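Residue numbers in the sequence shown follow UniProt numbering, run continuously in steps of one, and reach 313 at the last position.
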Amino acid sequence: MTSQGMPASGTASQVARPGGTGTMAGRTVSRVGYGAMQLERLSNDRDAAVALLRHAIDLGVDHVDTAQFYGHGFVNDVIREALRPDDDVLVVSKVGAVSVPDGPIPLRLAQRPEDLRAGVEANLAALQVERIDVMNLRRVDSGISVPVPDDQVIDLDDQLAEMIALRDEGKIGAIGLSSVSQDVLRRALPAGIVCVQNVHSLVAREDDDLLRLCTDEQIAWVPYFPLGGALPGLAKVTDEPAVLAAAERLGCTPAQVGLAWLLHRAPNVLLIPGTADAAHLEANLAAGSIVLDEETLAALDAIPTRPFPTLHG
(Lines of atoms letter the chains of each structure in order from A; the text may use other names.)
(Lines give C-alpha, C1' and ligand atoms only; values in the text may rest on other atoms or scores of the structure.)
Protein backbone atom coordinates (compact mmCIF):
# COMPACT_ATOMS: atom_id res chain seq x y z
CA MET A 1 0.00 0.00 0.00
CA THR A 2 1.09 3.55 -0.60
CA SER A 3 1.13 6.22 2.06
CA GLN A 4 -2.24 7.39 0.67
CA GLY A 5 -3.75 3.96 1.33
CA MET A 6 -4.11 3.07 -2.38
CA PRO A 7 -2.44 0.12 -4.09
CA ALA A 8 0.84 0.92 -5.76
CA SER A 9 0.59 1.68 -9.47
CA GLY A 10 2.10 -1.70 -10.26
CA THR A 11 4.94 -3.98 -9.30
CA ALA A 12 6.86 -6.54 -11.28
CA SER A 13 4.89 -9.36 -9.67
CA GLN A 14 1.53 -7.95 -10.84
CA VAL A 15 2.18 -7.87 -14.60
CA ALA A 16 3.64 -10.20 -17.21
CA ARG A 17 7.40 -10.31 -17.22
CA PRO A 18 8.88 -9.01 -20.51
CA GLY A 19 10.31 -11.87 -22.54
CA GLY A 20 8.93 -14.46 -20.17
CA THR A 21 10.93 -15.74 -17.24
CA GLY A 22 14.50 -16.78 -16.62
CA THR A 23 16.55 -17.56 -13.54
CA MET A 24 19.46 -15.88 -11.78
CA ALA A 25 20.79 -16.65 -8.32
CA GLY A 26 17.79 -18.88 -7.64
CA ARG A 27 15.37 -16.05 -8.48
CA THR A 28 12.80 -16.00 -11.26
CA VAL A 29 13.19 -12.78 -13.24
CA SER A 30 12.02 -11.20 -16.48
CA ARG A 31 14.19 -12.23 -19.43
CA VAL A 32 14.24 -8.61 -20.57
CA GLY A 33 15.48 -6.46 -17.72
CA TYR A 34 16.90 -2.96 -17.61
CA GLY A 35 20.49 -1.80 -17.82
CA ALA A 36 20.58 1.40 -15.78
CA MET A 37 23.78 2.88 -17.20
CA GLN A 38 21.85 5.09 -19.63
CA LEU A 39 20.13 6.87 -16.75
CA GLU A 40 23.29 8.96 -16.61
CA ARG A 41 21.95 10.80 -19.66
CA LEU A 42 19.20 12.17 -17.41
CA SER A 43 21.59 13.53 -14.79
CA ASN A 44 20.14 17.01 -15.28
CA ASP A 45 16.60 15.76 -14.66
CA ARG A 46 16.62 13.45 -11.67
CA ASP A 47 12.81 13.25 -11.52
CA ALA A 48 12.71 12.02 -15.13
CA ALA A 49 15.31 9.36 -14.34
CA VAL A 50 13.32 8.12 -11.35
CA ALA A 51 10.12 8.12 -13.39
CA LEU A 52 11.73 6.11 -16.20
CA LEU A 53 12.93 3.42 -13.83
CA ARG A 54 9.51 3.31 -12.16
CA HIS A 55 7.97 2.90 -15.60
CA ALA A 56 10.22 -0.10 -16.31
CA ILE A 57 9.17 -1.73 -13.05
CA ASP A 58 5.51 -1.05 -13.69
CA LEU A 59 5.93 -2.80 -17.07
CA GLY A 60 7.18 -5.96 -15.38
CA VAL A 61 10.95 -5.48 -15.19
CA ASP A 62 12.36 -7.10 -12.05
CA HIS A 63 16.05 -7.31 -12.99
CA VAL A 64 18.05 -4.07 -12.91
CA ASP A 65 21.76 -3.88 -13.69
CA THR A 66 23.90 -1.09 -12.28
CA ALA A 67 27.34 -0.07 -11.00
CA GLN A 68 28.53 2.60 -8.62
CA PHE A 69 30.69 4.03 -11.40
CA TYR A 70 27.68 4.63 -13.68
CA GLY A 71 27.18 8.37 -13.81
CA HIS A 72 29.79 8.73 -11.06
CA GLY A 73 27.20 7.58 -8.51
CA PHE A 74 24.13 9.25 -10.01
CA VAL A 75 22.60 6.00 -11.30
CA ASN A 76 22.70 4.23 -7.94
CA ASP A 77 21.22 7.32 -6.31
CA VAL A 78 18.29 7.11 -8.74
CA ILE A 79 17.81 3.39 -8.09
CA ARG A 80 17.75 4.01 -4.34
CA GLU A 81 15.08 6.63 -4.77
CA ALA A 82 12.99 4.71 -7.30
CA LEU A 83 12.81 1.23 -5.79
CA ARG A 84 10.21 0.33 -3.17
CA PRO A 85 10.43 -2.59 -0.75
CA ASP A 86 7.54 -4.44 -2.40
CA ASP A 87 8.98 -4.22 -5.93
CA ASP A 88 11.00 -7.43 -5.42
CA VAL A 89 13.57 -6.34 -7.99
CA LEU A 90 16.83 -8.25 -8.40
CA VAL A 91 19.59 -5.64 -8.34
CA VAL A 92 22.88 -6.66 -9.94
CA SER A 93 25.94 -4.43 -9.62
CA LYS A 94 29.61 -4.80 -10.42
CA VAL A 95 33.06 -4.02 -9.07
CA GLY A 96 36.49 -3.98 -10.67
CA ALA A 97 36.56 -0.39 -11.91
CA VAL A 98 35.97 3.13 -10.63
CA SER A 99 34.89 6.25 -12.48
CA VAL A 100 37.36 8.87 -13.67
CA PRO A 101 35.14 11.76 -14.78
CA ASP A 102 37.86 13.77 -16.53
CA GLY A 103 39.99 10.93 -17.90
CA PRO A 104 40.44 10.02 -21.59
CA ILE A 105 38.63 6.80 -20.64
CA PRO A 106 36.00 7.48 -17.96
CA LEU A 107 36.94 4.33 -16.02
CA ARG A 108 40.00 3.14 -14.16
CA LEU A 109 40.52 -0.50 -13.28
CA ALA A 110 40.26 -1.33 -9.56
CA GLN A 111 41.03 -5.04 -9.50
CA ARG A 112 42.85 -5.58 -6.21
CA PRO A 113 40.95 -7.40 -3.45
CA GLU A 114 40.84 -4.27 -1.30
CA ASP A 115 39.44 -2.35 -4.28
CA LEU A 116 36.70 -4.94 -4.74
CA ARG A 117 35.72 -4.65 -1.08
CA ALA A 118 35.70 -0.87 -1.30
CA GLY A 119 33.52 -1.09 -4.39
CA VAL A 120 30.99 -3.30 -2.62
CA GLU A 121 30.89 -0.94 0.34
CA ALA A 122 30.35 2.02 -1.99
CA ASN A 123 27.41 0.26 -3.64
CA LEU A 124 25.88 -0.62 -0.28
CA ALA A 125 26.18 2.96 0.92
CA ALA A 126 24.75 4.47 -2.26
CA LEU A 127 21.82 2.06 -2.46
CA GLN A 128 21.32 2.15 1.32
CA VAL A 129 20.92 -1.60 1.59
CA GLU A 130 22.60 -4.25 3.69
CA ARG A 131 23.16 -6.63 0.79
CA ILE A 132 23.50 -6.46 -3.00
CA ASP A 133 21.65 -9.37 -4.61
CA VAL A 134 24.36 -10.19 -7.17
CA MET A 135 27.79 -8.61 -7.53
CA ASN A 136 29.74 -9.08 -10.74
CA LEU A 137 33.51 -9.12 -10.75
CA ARG A 138 34.40 -7.12 -13.85
CA ARG A 139 37.69 -8.41 -15.30
CA VAL A 140 39.48 -7.77 -18.61
CA ASP A 141 40.03 -11.28 -19.93
CA SER A 142 37.70 -11.06 -22.91
CA GLY A 143 36.00 -8.62 -25.22
CA ILE A 144 36.98 -5.01 -25.74
CA SER A 145 40.60 -4.42 -24.79
CA VAL A 146 41.59 -1.67 -22.38
CA PRO A 147 45.01 -0.73 -21.01
CA VAL A 148 45.84 -2.85 -17.95
CA PRO A 149 48.53 -1.38 -15.65
CA ASP A 150 50.87 -3.88 -14.04
CA ASP A 151 49.41 -3.26 -10.59
CA GLN A 152 45.98 -4.28 -11.90
CA VAL A 153 46.99 -7.72 -13.14
CA ILE A 154 45.47 -9.65 -10.25
CA ASP A 155 45.16 -13.40 -9.86
CA LEU A 156 41.60 -14.65 -10.13
CA ASP A 157 41.91 -16.78 -6.99
CA ASP A 158 42.79 -13.74 -4.88
CA GLN A 159 39.79 -11.86 -6.24
CA LEU A 160 37.39 -14.78 -5.74
CA ALA A 161 38.60 -15.25 -2.18
CA GLU A 162 37.57 -11.66 -1.41
CA MET A 163 34.24 -12.02 -3.21
CA ILE A 164 33.48 -15.23 -1.32
CA ALA A 165 34.36 -13.49 1.96
CA LEU A 166 31.96 -10.67 1.09
CA ARG A 167 29.27 -13.23 0.33
CA ASP A 168 29.93 -15.06 3.59
CA GLU A 169 29.60 -11.75 5.43
CA GLY A 170 26.20 -11.20 3.82
CA LYS A 171 27.24 -8.07 1.95
CA ILE A 172 26.51 -9.69 -1.41
CA GLY A 173 24.07 -12.47 -2.17
CA ALA A 174 25.81 -14.12 -5.12
CA ILE A 175 28.84 -13.75 -7.38
CA GLY A 176 28.88 -13.09 -11.11
CA LEU A 177 31.65 -12.45 -13.61
CA SER A 178 32.04 -9.94 -16.43
CA SER A 179 34.41 -9.75 -19.40
CA VAL A 180 35.90 -13.18 -18.80
CA SER A 181 37.19 -16.04 -20.92
CA GLN A 182 36.01 -19.62 -20.89
CA ASP A 183 39.11 -20.69 -18.96
CA VAL A 184 38.50 -18.08 -16.28
CA LEU A 185 34.89 -19.19 -15.85
CA ARG A 186 35.96 -22.83 -15.53
CA ARG A 187 38.43 -21.84 -12.79
CA ALA A 188 35.72 -19.86 -11.03
CA LEU A 189 32.93 -22.47 -11.15
CA PRO A 190 33.66 -23.85 -7.63
CA ALA A 191 32.85 -20.36 -6.26
CA GLY A 192 29.23 -20.77 -7.38
CA ILE A 193 29.04 -18.27 -10.26
CA VAL A 194 25.44 -17.28 -11.07
CA CYS A 195 25.87 -15.10 -14.16
CA VAL A 196 28.34 -13.97 -16.80
CA GLN A 197 28.22 -10.57 -18.50
CA ASN A 198 30.24 -10.35 -21.70
CA VAL A 199 30.04 -8.38 -24.93
CA HIS A 200 27.72 -10.40 -27.15
CA SER A 201 25.48 -9.58 -30.09
CA LEU A 202 24.72 -10.61 -33.65
CA VAL A 203 27.96 -8.94 -34.76
CA ALA A 204 30.07 -10.03 -31.76
CA ARG A 205 29.89 -13.78 -31.25
CA GLU A 206 33.42 -14.67 -30.23
CA ASP A 207 32.09 -16.08 -26.95
CA ASP A 208 29.68 -18.65 -28.38
CA ASP A 209 31.59 -21.46 -26.64
CA LEU A 210 31.37 -19.58 -23.35
CA LEU A 211 27.63 -19.17 -23.82
CA ARG A 212 27.31 -22.93 -24.31
CA LEU A 213 29.29 -23.55 -21.12
CA CYS A 214 27.00 -21.19 -19.21
CA THR A 215 23.96 -22.96 -20.62
CA ASP A 216 25.35 -26.35 -19.57
CA GLU A 217 26.14 -25.04 -16.08
CA GLN A 218 22.77 -23.22 -15.73
CA ILE A 219 24.52 -19.88 -15.38
CA ALA A 220 22.67 -16.79 -16.61
CA TRP A 221 24.23 -15.25 -19.72
CA VAL A 222 23.75 -11.47 -19.73
CA PRO A 223 25.16 -9.84 -22.88
CA TYR A 224 26.18 -6.22 -22.77
CA PHE A 225 26.38 -4.04 -25.87
CA PRO A 226 23.61 -6.33 -27.21
CA LEU A 227 23.23 -4.24 -30.35
CA GLY A 228 26.92 -3.43 -30.86
CA GLY A 229 27.88 0.08 -31.86
CA ALA A 230 28.29 1.36 -28.30
CA LEU A 231 31.89 2.42 -28.91
CA PRO A 232 33.81 3.74 -31.94
CA GLY A 233 34.90 0.81 -34.08
CA LEU A 234 32.21 -1.55 -32.80
CA ALA A 235 29.90 -2.77 -35.58
CA LYS A 236 26.18 -2.04 -35.26
CA VAL A 237 23.59 -4.78 -35.42
CA THR A 238 21.06 -2.32 -36.83
CA ASP A 239 23.25 -1.66 -39.90
CA GLU A 240 23.13 -5.26 -41.09
CA PRO A 241 21.06 -5.86 -44.27
CA ALA A 242 19.71 -9.16 -42.90
CA VAL A 243 18.52 -7.40 -39.76
CA LEU A 244 16.88 -4.61 -41.76
CA ALA A 245 15.14 -7.17 -43.97
CA ALA A 246 13.88 -9.14 -40.97
CA ALA A 247 12.57 -5.99 -39.31
CA GLU A 248 10.64 -4.99 -42.43
CA ARG A 249 9.16 -8.47 -42.80
CA LEU A 250 8.16 -8.71 -39.13
CA GLY A 251 6.90 -5.15 -38.78
CA CYS A 252 9.29 -4.26 -35.96
CA THR A 253 12.48 -2.26 -35.52
CA PRO A 254 15.99 -3.52 -36.36
CA ALA A 255 16.91 -3.13 -32.69
CA GLN A 256 14.05 -5.40 -31.68
CA VAL A 257 15.29 -8.02 -34.15
CA GLY A 258 18.75 -7.92 -32.58
CA LEU A 259 17.36 -8.32 -29.07
CA ALA A 260 14.94 -11.07 -30.10
CA TRP A 261 17.79 -12.99 -31.75
CA LEU A 262 19.69 -13.01 -28.46
CA LEU A 263 16.67 -14.36 -26.57
CA HIS A 264 16.35 -17.16 -29.13
CA ARG A 265 19.92 -18.30 -28.55
CA ALA A 266 19.43 -20.12 -25.25
CA PRO A 267 16.97 -20.18 -22.34
CA ASN A 268 19.56 -18.79 -19.92
CA VAL A 269 20.00 -15.55 -21.90
CA LEU A 270 18.81 -12.51 -19.93
CA LEU A 271 18.87 -9.08 -21.54
CA ILE A 272 19.54 -5.71 -19.92
CA PRO A 273 19.10 -3.16 -22.72
CA GLY A 274 19.41 0.40 -21.50
CA THR A 275 17.79 3.63 -22.58
CA ALA A 276 16.89 7.07 -21.25
CA ASP A 277 13.69 7.28 -23.31
CA ALA A 278 10.31 5.83 -22.32
CA ALA A 279 9.23 4.90 -25.85
CA HIS A 280 12.56 3.17 -26.47
CA LEU A 281 12.18 1.33 -23.17
CA GLU A 282 8.77 0.04 -24.23
CA ALA A 283 10.16 -1.08 -27.59
CA ASN A 284 13.01 -2.95 -25.89
CA LEU A 285 10.60 -4.78 -23.62
CA ALA A 286 8.31 -5.61 -26.54
CA ALA A 287 11.22 -7.36 -28.26
CA GLY A 288 10.68 -10.15 -25.76
CA SER A 289 7.50 -11.19 -27.53
CA ILE A 290 8.93 -11.32 -31.08
CA VAL A 291 9.13 -14.81 -32.57
CA LEU A 292 11.79 -15.47 -35.22
CA ASP A 293 11.13 -18.32 -37.64
CA GLU A 294 13.82 -20.75 -38.77
CA GLU A 295 14.42 -18.96 -42.07
CA THR A 296 14.93 -15.63 -40.33
CA LEU A 297 17.19 -17.16 -37.71
CA ALA A 298 19.32 -18.79 -40.41
CA ALA A 299 19.74 -15.47 -42.21
CA LEU A 300 20.70 -13.73 -38.97
CA ASP A 301 23.07 -16.51 -37.93
CA ALA A 302 24.93 -16.04 -41.22
CA ILE A 303 25.96 -12.50 -40.25
CA PRO A 304 29.74 -12.57 -39.64
CA THR A 305 31.19 -11.63 -36.27
CA ARG A 306 33.44 -8.57 -36.14
CA PRO A 307 36.66 -7.99 -34.17
CA PHE A 308 36.49 -5.94 -31.00
CA PRO A 309 38.15 -2.51 -30.92
CA THR A 310 41.01 -1.60 -28.61
CA LEU A 311 40.59 1.40 -26.30
CA HIS A 312 43.66 3.53 -25.70
CA GLY A 313 44.10 5.62 -22.60
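For glycine and all other residues, C-beta sits at the position ideal for the given N, C-alpha and C. Everything numeric in this text was worked out from a predicted model, so none of it was measured.
{"query": "Going by DSSP, what residues sit across from Thr23 in a beta bridge?", "result": "Thr28"}
{"query": "Whose C-beta lies closer than 7 Å to the C-beta of Asp301 among residues of the same chain, with five residues either side of it excluded?", "result": "none"}
{"query": "By the 10 Å Cβ neighbour count, where 16 or more other Cβ atoms means buried, how is Arg139 classified, buried or exposed?", "result": "buried"}
{"query": "In this structure, does DSSP put Leu202 in helix, strand or coil?", "result": "coil"}
{"query": "Is the segment 49-63 touching the segment 96-104, taking contact as three or more C-beta pairs under 8 Å?", "result": "no"}
{"query": "Rounded C-beta distance between Leu177 and Val196? I'm assuming under 8 Å.", "result": "5 Å"}
{"query": "Would you tell me roughly how many angstroms separate the C-alpha atoms of Ala286 and Leu166, rounded to the nearest one?", "result": "37 Å"}
{"query": "At what residues does the beta strand (DSSP E) containing Asp65 begin and finish?", "result": "His63 to Asp65"}
{"query": "What did DSSP end up calling Cys252 once you bin it into helix, strand or coil?", "result": "coil"}
{"query": "List the residues that DSSP assigns as beta-bridge partners of Ile193.", "result": "Ile175"}
{"query": "Can you tell me whether DSSP reads Val269 as helix, strand or coil?", "result": "strand"}
{"query": "Using 8 Å for Cβ pairs, my map puts Ile193 next to Ile175. What's the rounded Cβ distance?", "result": "6 Å"}
{"query": "Hey, out of Leu39, Asp277 and Gly35, whose CA is closest to Val64's CA?", "result": "Gly35"}
{"query": "Could you tell me the boundaries of the beta strand (DSSP E) in which Ile132 lies?", "result": "Ile132 to Arg138"}
{"query": "Could you tell me how far apart the beta carbons of Leu107 and Phe69 are, in whole angstroms, since I believe they sit closer than 8 Å?", "result": "6 Å"}
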